[in-house]
Amino acid sequence: MRFAYYWYLPLILIVPFLIWRYIYWKGSAPLLYSDIARIKKAFGAHGTRPPASHAVRHFLFGLRLVILTLFILAIARPQAELTSNEIYTEGVDIMLTVDVSGSMNFIDLDVQNKRTRLEVTKEAVKTFVDGRRNDRIGMTVFASEAFLQCPLTVDYGIVKNFLDDVHIGMVDERSTAIGNAIASALNRLRFTEAKSKIVVLITDGANNAGQIDPFTASEMAKALGAKIYTIGVGGLGTPFIIREDIFGKHMVPYPDAERVDEVSLRKIAETTHGKYFRATDAQGFLDIFKEIDSLEKTKILSEGHRRFRELFPYFLIPALVLLLMEMMLSQTRFRKLP
Numbered sequence: 002m003r004f005a006y007y008w009y010l011p012l013i014l015i016v017p018f019l020i021w022r023y024i025y026w027k028g029s030a031p032l033l034y035s036d037i038a039r040i041k042k043a044f045g046a047h048g049t050r051p052p053a054s055h056a057v058r059h060f061l062f063g064l065r066l067v068i069l070t071l072f073i074l075a076i077a078r079p080q081a082e083l084t085s086n087e088i089y090t091e092g093v094d095i096m097l098t099v100d101v102s103g104s105m106n107f108i109d110l111d112v113q114n115k116r117t118r119l120e121v122t123k124e125a126v127k128t129f130v131d132g133r134r135n136d137r138i139g140m141t142v143f144a145s146e147a148f149l150q151c152p153l154t155v156d157y158g159i160v161k162n163f164l165d166d167v168h169i170g171m172v173d174e175r176s177t178a179i180g181n182a183i184a185s186a187l188n189r190l191r192f193t194e195a196k197s198k199i200v201v202l203i204t205d206g207a208n209n210a211g212q213i214d215p216f217t218a219s220e221m222a223k224a225l226g227a228k229i230y231t232i233g234v235g236g237l238g239t240p241f242i243i244r245e246d247i248f249g250k251h252m253v254p255y256p257d258a259e260r261v262d263e264v265s266l267r268k269i270a271e272t273t274h275g276k277y278f279r280a281t282d283a284q285g286f287l288d289i290f291k292e293i294d295s296l297e298k299t300k301i302l303s304e305g306h307r308r309f310r311e312l313f314p315y316f317l318i319p320a321l322v323l324l325l326m327e328m329m330l331s332q333t334r335f336r337k338l339p
C-alpha cells in the first residue's frame with residue numbers, strides 16, 4: 002500500500018498532542034463549586050457505584066480521535082498496487098511505400114476474382130498491419146512523384162483508412178519514381194528514435210522518373226541505419242487489363258506491359274541488408290508479408306503500467322459513520338449540562 006498524498010500524514014501528530022492536552026491541561030469549568038467532596042462520597046457510600054456514563058466518560062474523546070485519524074488517512078489517499086511488472090514489447094518504425102502508377106491497374110495476381118495488382122497489394126498490406134503490435138507504421142505513395150499518405154502512427158485504424166483512399170490517378174500515373182519514393186520514406190524515419198527503421202517498397206516497374214536515383218537513395222538508407230525490403234509485383238505470364246466496349250467490361254491481355262526490374266530491386270535491398278521478394282499471386286503476396294513480419298521483431302524491455310486501487314473509501318466511510326454516532330451520543334446520552 003502507498004499514500005498518494007503522503008504529505009498529509011504528519012497531521013497525525015495532532016493526535017498525541019490532543020491526548021496530552023486532554024490528560025494534563027485543566028481549563029476553567031463552566032460552573033464553579035466550593036466543594037465536591039460530598040458528591041464523591043455519595044457515590045462510594047453504602048456500596049453505591051458511579052453510573053455507567055461516568056465510567057465511560059472518556060469514550061467520546063477516544064471516538065473523536067479515531068474519527069480524526071481516519072479522516073487524515075483518507076485525505077492522504079491510500080492506494081493498493083495492482084500491477085507493476087516489467088514486460089517485453091516488440092516495436093519498429095515501418096514506412097510502407099506503395100506504387101500507384103498506371104501499371105498497378107493490371108490483373109495477374111488474382112485473375113479469377115479480377116482484382117488488380119493494387120487491390121491485392123492493399124489486402125496484403127492490411128493483413129500485415131493487423132498483425133503488428135506496438136509498432137509505428139506510416140505510408141508513402143508514389144508514381145511520377147512521391148508524397149506522404151499517412152504519418153507514422155500506432156493507430157492502425159487510421160493507417161487502413163488512408164490505405165482505402167489509395168487509388169490509381171491520385172498521382173501522375175505515367176511513370177515511376179522509385180528513388181524519390183525511398184527518399185520520401187527515409188525523410189520520415191530520420192528523426193525517429195527507434196532502433197529498427199524499415200522501408201517496405203512495393204512496385205511493379207522500373208525507375209524512370211524523379212530527381213533521386215534509387216541506388217543513391219539506398220545508400221542514404223544505409224547511412225541512416227534503415228533497412229529496405231523490396232517487393233516486385235507482377236505475375237509470370239501476360240497480365241490483363243479491363244476494357245469496356247459496347248458489350249460491357251471484359252479482360253484483355255496486355256503483352257506490352259513493363260516488367261519488374263528485379264535486378265535493381267534486389268540491389269537496393271542488399272545494399273541496406275534487407276531482402277528482395279517477388280509477388281506473383283495473391284497468396285504469395287500474403288506470405289511475403291508474413292516473412293517480413295517474422296524478420297522484423299525487436300524486443301524492447303519496458304516497465305509495465307502501474308495500476309492502483311483506491312483505498313480511501315475504507316477510511317472515509319467508517320469516519321463518517323463514527324462522526325454521525327458521535328454527534329448523536331453527544332446530544333443524547335453523553336450530553337453535558339450546561
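Under the working numbering, the first residue of the sequence shown is numbered 2, with each subsequent residue one higher. The beta carbon of each residue, even a glycine, is placed where N, CA and C say it ideally should be. The structure presented is a predicted model; accordingly, all values stated were derived computationally and were not measured.
Own chain partners of residue i with C-beta closer than 7 Å, once the 5 adjacent residues on each side are dropped
i	result
K223	T272 and T273
L19	L66
I203	T98, V99, D100, T122, I232 and V234
F313	A75, R78 and P79
T70	I13 and V16
T117	M105, N106, F107 and I108
P254	T239 and F241
T331	Note that residue 331 is Ser in the sequence shown, not Thr. Counting only Cβ-Cβ distances below 7 Å, and skipping sequence neighbours, we find L61.
Residue i and residue j closer than 8 Å at C-beta
i	j	result
P240	I138	no
H251	R244	yes
K198	A218	no
T98	F148	no
E327	L61	yes
A283	D94	no
N209	P215	no
G132	D294	yes
I242	N114	no
L146	D173	Here residue 146 is Glu; the residue named in the question, Leu, does not match the sequence. Yes; because the gap between Cβ atoms is below 8 Å, this pair is in contact.
V200	L187	yes
T281	G211	no
A320	I68	yes
Nearest-angstrom beta carbon gap, residue j and residue i [assumed within contact, 8 Å]
i	j	result
T128	L287	6 Å
A5	R78	4 Å
G249	S104	With a Cβ gap of about 24 Å, G249 and S104 do not count as contacting.
G285	Y230	That pair is no contact at about 15 Å.
L153	V126	No, L153 and V126 are not in contact; Cβ-Cβ is about 15 Å, not under 8 Å.
L297	R279	In the sequence as presented, Leu is not what sits at residue 297; that position holds Glu. Not really, about 19 Å apart at Cβ, beyond 8 Å.
L64	L323	6 Å
Cβ shell of residue i (< 8 Å), same chain only, five flanking positions each side left out
i	result
H168	V101 and L119
R191	L225
D257	none
Y25	none
M221	I183, A184 and L187
T193	D94, R137 and L153
F72	F316, L317 and A320
Cutoff 6 Å; reference residue i; Cβ partners in own chain excluding five residues on either side
i	result
M2	P79 and A81
Y157	V130
L317	A75
C151	G139, M140, V160 and F163
Y277	T231, L266, R267 and A270
F335	L61
I213	G180, N181 and A184
S176	S145, N209 and A210
With 16 other Cβ atoms within 10 Å as the buried cut-off, status of residue i
i	result
M140	buried
R308	exposed
R189	buried
L266	buried
L10	exposed
F329	The sequence given here has Met at residue 329, not Phe. When all chains shown are included, M329 counts as exposed.
G180	buried
I269	buried
D136	buried
I289	buried
T333	exposed
Any non-hydrogen atom of the ligand FAD closer than 7 Å to residue i Cβ
i	result
P79	What this structure holds is no ligand at all, so the ligand FAD is not there to describe.
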